[in-house]
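J.: Residue numbers for the sequence shown follow my numbering, beginning at 4 and rising by one. Backbone N, C-alpha and C define an ideal beta-carbon position, used for all residues, glycine too. Remember, it's a predicted structure, so these values are computed and weren't measured experimentally. For reference, the structure I am asking about is given below.
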Amino acid sequence: MKTKLFIFLIVLSFLGYPLLAQEKSKKELKKERELQKQKEIKALIDSKNFVFEAQKVMPQGGRLLNLDYNTYFLKFNETKTTCDLPFFGRGFNIPYGGGEGGIKFEGIPEDIRIEKNKKSYNIKTTVKGKEDVYNLFFTVFFNGGATLSVNSNNRASISYDGEIEAPKPEELKK
């Protein structure tokens, strides 16, 4: 009886080995994907050319709101930054007629500062639009997730959650 039990345990261990090997390879694949994503994000940050797509917005003193995907963005580039983000909050000095309804501007970023932390990159810059000056604070995580805080002279601060990605080929031409 002991011999049969011993043989059964040996056979069982051989059958379980491929399952453990498969589980290990799944973990290795996941780790490889994470490393690849980190390299992509590093390349985007180093090039200073990426698109932030907002998915959620958090107005100052307000609640978290979900946004439509692929609708609101900030195209960041060293030579030209374009922004079209919604704004919910208090305006201090808005021209008669209310401007364009949201945070919309084009400008050249000045004083770009990038810091790398253990889990993210922090990017700070200032962009002068036609009617306002915008201080942009990005926190970009290694998985591509990002937060953007926008402070301006004429509006209350506001934060956005979303992701960064490479600009699409047709956006590179513009």
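#1: Between the alpha carbons of P62 and I161, how many angstroms are there, rounded?
#2: Express the C-alpha separation of R158 and R93 in angstroms, rounding to a whole number.
#3: Please identify the residue among S155, K171 and F91 whose C-alpha is closest to the C-alpha of G64.
#4: What does DSSP give as the partner residue(s) for G94 in the beta ladder?
#5: Quick one: what's F53 bridged to in DSSP?
#6: Cutting at 8 Å between CB atoms, please list the residues of its own chain near S155, excluding the five before and the five after it.
#7: From I13 to K5, what distance separates their C-alpha atoms?
#8: Just the Cα atoms here: how many angstroms apart are F9 and S28?
#9: Going by the beta-carbon positions, is the gap between F55 and F76 smaller than 8 Å?
#10: In whole angstroms, what is the alpha-carbon distance linking E118 and N52?
#11: Within 10 Å of its beta-carbon, does Q165 have 16 or more other beta-carbons around it, so buried, or fewer, so exposed?
T.: Result, derived from the coordinates:
#1: Taking the sequence shown and counting its residues from 1, the one referred to as residue 62 is at position 59. Taking the sequence shown and counting its residues from 1, the one referred to as residue 161 is at position 158. Near 5 Å, if we compare the C-alpha coordinates of I161 and P62.
#2: Translated into positions along the sequence shown, residue 93 becomes position 90. Translated into positions along the sequence shown, residue 158 becomes position 155. Cα-Cα distance, rounded: 6 Å.
#3: Translated into the one-based positions of the sequence shown, residue 64 becomes position 61. Comparing Cα positions, the closest option is F91.
#4: On the sequence shown, residue 94 is found 91 positions in, with the first residue counted as 1. R158.
#5: The residue labelled residue 53 in the question sits at position 50 within the sequence shown. Note: F53 sits in a beta bridge opposite F79.
#6: Your numbering for residue 155 matches position 152 in the sequence shown. Contacts found: I106, D135, V136, Y137 and N138.
#7: Counting from 1 along the sequence shown, the entry for residue 13 is found at position 10. Counting from 1 along the sequence shown, the entry for residue 5 is found at position 2. Straight-line Cα distance between these residues: approximately 12 Å.
#8: Position 6 of the sequence shown, counting from 1, holds the residue named residue 9. Position 25 of the sequence shown, counting from 1, holds the residue named residue 28. Rounded to whole angstroms, F9 to S28 spans 29 Å at the Cα level.
#9: In the sequence shown, the residue the question calls residue 55 occupies position 52. In the sequence shown, the residue the question calls residue 76 occupies position 73. Contact: yes.
#10: Translated into the one-based positions of the sequence shown, residue 118 becomes position 115. Translated into the one-based positions of the sequence shown, residue 52 becomes position 49. For E118 and N52, the distance between alpha carbons rounds to 16 Å.
#11: Locating residue 165 in the sequence shown gives position 162, where the first residue counts as 1. Reading off the sequence, residue 165 comes out as Gly, not Gln. With at least 16 other beta carbons inside 10 angstroms of its own, G165 counts as buried.
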